[in-house]
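Trainee: For reference, the structure I am asking about is given below.
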Amino acid sequence: MTKNLSFMGKVTFWIGFFFFVFSFSSLLGDTDFKEVVPTTSIGLIYFLLGGALLLGSRLFQKSTKKQR
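Laid out in structure tokens, this is it:
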């Protein structure tokens, strides 16, 4: 999944993944993540931010230069 991403792409992917997971679980119902996502409106913002970071992490691909 993250094999072809650079270091910055991997960091962006994992930050986006955690935003996405915490917000998705809070949007589904009552969970113990009230410290991370206190309200549903903030959960929706984190959900969109996490999705954008997951998609944006694909911009950080490893360079594939061939050496002669």
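The numbers in the sequence shown follow the working numbering, run straight up by one, and end at 264. No residue lacks a Cβ here, since even glycine has one placed at the ideal position from N, Cα and C.
Quick one: Cα of Thr236 to Cα of Lys199, how far?
Mentor: Approximately 34 Å, taken between the alpha carbons.
Trainee: Using a Cβ-based criterion (distance less than 7 Å to any ligand heavy atom), does Leu240 qualify as near the ligand HEM?
Mentor: Looking at this structure, you won't find the ligand HEM or any other ligand, since it has none at all.
Trainee: With distance defined between alpha-carbon atoms, name the residue in Leu250, Arg254 and Ser221 nearest to Ile238.
Mentor: The option with the nearest alpha carbon to Ile238 is Ser221.
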